[in-house]
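*Asks:* Residue numbers (the UniProt record's numbering): 1 to 469.
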């Protein structure tokens, strides 16, 4: 019989023998505050489950029904049968490892033609495990040496700066212009500064429509100018377009914000649609337009690659080689469900997303109206509060006269029952300490009204001028 003393000794010996890995001997990205910031955001949301949350950028769950998954899958299986596939071939397509580049590229290409006016060869597409994998593959393929540098719009989606960090790839921020997106002149300046330092500016990452986190969109003229600037500097453009469908309807109500602002209605062409040099690598995702649980994204990489022996391939083919050594292939079941959804809507997601677009437009208009109501012009001038007025999408940014960091967010959640996202992690070179991101996608209009009132009370409590009054 084992005594308590013997058991304690055994446990101590086991503990002493356990391997301890010094963080300093692991990859440096694991000590990056950026990864800690996003982990904290997830944890604080769990700690305050009753708080109204403007933090997540996920779609509204009211548009998802479990039974639709079965209907989408059945539609795709019918499609395979109509193409003449035998029962055995259908079984293999659904249950086995499939082609690395994916099995629904033809349907995605049809959808891009219908919705975006993009006419691409299905062979130039790679279906990926979310757009995040597409980012990793593209960055890994394009950046060959430590001297290669990725230019990123600042503020920037943390997914791409995080991916660059994992790959030991240097980034160079390009500030957003006054109307949204990286200013073409700033792109030229950043590229030349990188080149002057002895490194190579390789590519520019940009979200032209309703960018995460700022919510801004690039004017049409600036898009053409950006492509010209990138061509002059020898840059490929990595265009990420997860929010392009969600334009606020013209005439939607909403108060003026105080910084930034739209120059007209949505519906601008993507950079890829304007691309005449095949300089744009286009990233897409079905997370917002279909549902995120499918984890299905894609990349259009129609650039020609010339091998030393004269062999010519597409960049998509080279990305598939990398994918074969990471995720091997994208789950056929996810592709089948999304493929069925595309088929059920005649490969026209823009029309299918009409109700969702109206919902998000109404939510954004509600947020802007409530900000205006709680902070009328005279008061926001006195307090030093302002916000932008996006044309659509999920996000808006509030400027405040205090540090909007993780501690402030947690205090706001605990004392005022509302959550938001600090903006500082979205600035690769620092900045944004007095800005916070508000997402309207996962809330109801009533919740937005309540949350904005709580947020306004919190902001007033932190404003020095309000305290002095």
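We put the CB at the ideal spot given by N, CA and C, even for glycine.
#1: Mind checking which residues open and close the alpha helix (DSSP H) that includes residue 461?
#2: Whole angstroms are fine: how far does the CA of residue 336 sit from the CA of residue 399?
#3: Could you work out which residue in 51, 161 and 43 is closest to residue 414 when comparing CA atoms only?
#4: With H, G and I counted as helix, E and B as strand and the rest as coil, what does DSSP make of residue 415?
#5: For residue 18, collect the residues of the same chain with a Cβ closer than 6 Å to its Cβ; drop the 5 residues on either side in sequence, then sort them by chain order.
#6: Under 8 Å: do the stretch 299-318 and the stretch 79-87 share three or more Cβ pairs, one atom per stretch?
#7: Using the three-state DSSP reduction, which class does residue 50 fall into: helix, strand or coil?
#8: Rounded to whole angstroms, what's the CA-CA distance from residue 354 to residue 394? Just pull it up for me.
#9: With DSSP as the reference, label residue 116 as helix, strand or coil.
#10: By the three-class DSSP mapping on this structure, what secondary structure does residue 96 have?
#11: Give the secondary structure of residue 334 by DSSP, where H, G and I count as helix, E and B as strand, and everything else as coil.
#12: Spatial neighbours of residue 274 within its chain, please: C-beta separation below 7 Å, excluding the five flanking residues on both sides.
#13: What did DSSP end up calling residue 140 once you bin it into helix, strand or coil?
#14: When the Cα of residue 96 is compared with those of 422, 380 and 332, which residue comes out closest?
#15: Does residue 149 come out as helix, strand or coil in the three-state DSSP assignment?
#16: Would you kindly check if the distance between the Cβ of residue 128 and the Cβ of residue 244 is under 8 Å?
#17: Comparing C-alpha positions only, which one of 185, 380, 216 and 221 sits nearest to residue 207?
#18: Considering only DSSP beta bridges, list what residue 172 is partnered with.
#19: Exposed or buried, residue 359, counting other C-beta atoms within 10 Å across all chains shown (16 or more means buried)?
#20: Using the beta-carbon count (16 or more within 10 Å), is residue 437 buried or exposed?
#21: Could I get the ranges of all uninterrupted alpha helix (DSSP H) runs contained in the stretch 204-235, with 4 residues as the minimum, in chain order?
#22: As a quick exercise: from 404, 31, 27 and 149, pick the residue whose alpha carbon is nearest that of residue 471.
#23: Using the three-state DSSP reduction, which class does residue 40 fall into: helix, strand or coil?
#24: According to DSSP, is residue 392 part of a helix, a strand, or is it coil?
#25: So residue 25 is in the beta strand (DSSP E); what residue range does that whole segment cover?
#26: Could you round the C-beta distance between residue 133 and residue 327 to whole angstroms and report it? I think they count as a contact, below 8 Å.
#27: Indicate the three-state DSSP secondary structure (helix, strand or coil) for residue 530 in the structure shown.
#28: Return the CA-CA distance between residue 422 and residue 137, expressed in angstroms with no decimal places.
#29: With distances taken between CB atoms, is the gap from residue 188 to residue 229 smaller than 8 Å?
#30: Got a sec, what are the start and stop residues for the alpha helix (DSSP H) residue 20 sits in?
#31: Which same chain residues end up closer than 6 Å to residue 199 when comparing Cβ atoms and leaving out the 5 residues on each side of it in sequence?
#32: I think residue 301 touches residue 126, with their Cβ atoms under 8 Å apart; what is that distance to the nearest whole Å?
#33: Measuring CB to CB, does residue 202 end up less than 8 Å from residue 143?
#34: The beta strand (DSSP E) with residue 159 in it runs from where to where?
#35: Across which residues does DSSP place residue 470 in a beta bridge pair?
#36: Does DSSP put residue 111 in a helix, a strand or coil?
*Replies:* Considering the structure as presented:
#1: The residue given as residue 461 occupies position 461 in the chain shown. Run containing residue 461: 445-462, per the alpha helix (DSSP H) assignment.
#2: The sequence position of residue 399 within the chain shown is 399, counting from 1. The sequence position of residue 336 within the chain shown is 336, counting from 1. About 43 Å.
#3: The residue given as residue 414 occupies position 414 in the chain shown. Out of 51, 161 and 43, 51 has the C-alpha closest to the C-alpha of residue 414.
#4: In the chain shown, counting from the first residue as 1, residue 415 sits at position 415. Reduced to three states, the DSSP call for residue 415 is helix.
#5: Walking along the chain shown from the start, residue 18 turns up at place 18. Cβ neighbours of residue 18 beyond the five flanking positions: none.
#6: Judged by Cβ distances under 8 Å, the stretch 299-318 makes no contact with the stretch 79-87, as fewer than three pairs qualify.
#7: Residue numbering aside, residue 50 sits at position 50 when the chain shown is read from its first letter. In this structure, residue 50 counts as coil in the three-state DSSP scheme.
#8: The residue you call residue 354 lines up with position 354 of the chain shown. The residue you call residue 394 lines up with position 394 of the chain shown. Cα to Cα, residue 354 sits roughly 15 Å from residue 394.
#9: The residue labelled residue 116 in the question sits at position 116 within the chain shown. Helix.
#10: For this step, residue 96 is matched to residue 96 along the chain shown. The three-state secondary structure of residue 96, taken from DSSP, is coil.
#11: The residue given as residue 334 occupies position 334 in the chain shown. Correct three-state label for residue 334: helix.
#12: On the chain shown, position 274 is the one that residue 274 refers to. Excluding positions up to five away in sequence, the list reads 223, 224 and 227.
#13: As a first step, residue 140 is located in the chain shown; it is residue number 140 there, counting from the start. Residue 140: helix per DSSP, three-state reduction.
#14: Taking the first residue of the chain shown as 1, we reach residue 96 at position 96. That would be 332, whose Cα lies nearest to the Cα of residue 96.
#15: Position 149 of the chain shown, counted from the start, is the residue given in the question as residue 149. In this structure, residue 149 counts as strand in the three-state DSSP scheme.
#16: If you number the chain shown from 1, residue 244 lands on position 244. If you number the chain shown from 1, residue 128 lands on position 128. No, they are not a contact pair.
#17: Translated into positions along the chain shown, residue 207 becomes position 207. Cα-wise, what sits closest to residue 207 is 216.
#18: Taking the first residue of the chain shown as 1, we reach residue 172 at position 172. Answer is 151.
#19: Counting from 1 along the chain shown, the entry for residue 359 is found at position 359. Per the 10 Å Cβ criterion, buried.
#20: Along the chain shown, one-based indexing puts residue 437 at 437. Buried, by the Cβ-count rule.
#21: 220-232
#22: With the chain running from 1 to 469 in the structure shown, residue 471 is simply not present.
#23: The residue labelled residue 40 in the question sits at position 40 within the chain shown. It is helical.
#24: In the chain shown, residue 392 corresponds to position 392, counting from 1. In this structure, residue 392 counts as strand in the three-state DSSP scheme.
#25: Reading the chain shown from its first residue, position 25 is the one you call residue 25. It is not in any beta strand (DSSP E) - residue 25 carries neither H nor E in the DSSP assignment.
#26: As a working note, residue 133 is residue 133 in the chain shown. As a working note, residue 327 is residue 327 in the chain shown. Right, their Cβ atoms sit about 6 Å apart.
#27: The question about residue 530 has no answer here: the residues shown for the chain are numbered 1 through 469.
#28: In the chain shown, counting from the first residue as 1, residue 422 sits at position 422. In the chain shown, counting from the first residue as 1, residue 137 sits at position 137. Straight-line Cα distance between these residues: approximately 28 Å.
#29: Residue mapping note: residue 188 aligns to position 188 of the chain shown, counting from 1. Residue mapping note: residue 229 aligns to position 229 of the chain shown, counting from 1. Cβ atoms of residue 188 and residue 229: closer than 8 Å.
#30: Here residue 20 is taken as the residue at index 20 of the chain shown, counted from 1. Segment: none, residue 20 is in no alpha helix (DSSP H) and carries neither H nor E.
#31: Translated into positions along the chain shown, residue 199 becomes position 199. The answer, listed in chain order, is 147 and 149.
#32: Counted from its first residue, the chain shown places residue 301 at position 301. Counted from its first residue, the chain shown places residue 126 at position 126. About 7 Å separates the two Cβ atoms, so the contact holds.
#33: Here residue 202 refers to the residue found at position 202 when the chain shown is read from its first residue. Here residue 143 refers to the residue found at position 143 when the chain shown is read from its first residue. Yes, the Cβ-Cβ distance between residue 202 and residue 143 is below 8 Å.
#34: Walking along the chain shown from the start, residue 159 turns up at place 159. Run containing residue 159: none in the beta strand (DSSP E); it sits in the alpha helix (DSSP H), 158-166.
#35: Outside the modelled stretch of the chain, which goes from 1 to 469, sits residue 470, for which no answer is possible.
#36: By 1-based counting over the chain shown, the position of residue 111 is 111. Three-state result, residue 111: helix.
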